[in-house]
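Data first, discussion second: the structure below is written as structure tokens.
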Amino acid sequence: MVEDPQGPVQGDYRVVRGGSYFGSALNCRAASRHGHGPANRGSSFGFRLALSLQSVG
Numbered sequence: 005m006v007e008d009p010q011g012p013v014q015g016d017y018r019v020v021r022g023g024s025y026f027g028s029a030l031n032c033r034a035a036s037r038h039g040h041g042p043a044n045r046g047s048s049f050g051f052r053l054a055l056s057l058q059s060v061g
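Below, the structure is given as structure tokens:
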């Protein structure tokens with residue numbers, strides 16, 4: 005069972021959940037947590053799942 009701990013009331017870091025398209029399988033979980041500063045942005049944060057639609061008929 006994964007716990008979602010309560011974070012501090014204030015601080016300089018934000019919680020980033022999950023992984024990215026080039027991250028390891030261990031980090032590609034919603035339960036994976038990392039701390040990063042609010043100015044950190046880029047393709048290494050977050051990932052999206054995509055599914056191709058098949059034509060009907």
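Under the working numbering, think of the first position of the sequence shown as 5, with each following residue one higher.
Don't be surprised by glycine CBs; every beta carbon is placed ideally from N, CA and C.
Compare the beta carbon distance of Val13 and His40 with 8 Å and say whether it is the shorter of the two.
-> No. Outside cutoff.
Proximity test, Leu57 beta-carbon vs the ligand GDP heavy atom, cut-off 7 Å | The model depicted lacks the ligand GDP and carries no ligand whatsoever.
Between Ser56, Leu30, Asn44 and Ser28, which lies nearest to Arg18 when the distance is taken from Cα to Cα?
-> Measuring from the Cα of Arg18, the nearest candidate turns out to be Asn44.
Tell me which same chain residues have a C-beta within less than 7 Å of the C-beta of Gly15, skipping the five on either side of it?
-> For Gly15, there are no CB contacts under 7 Å within the same chain when 5 residues up- and downstream are skipped.
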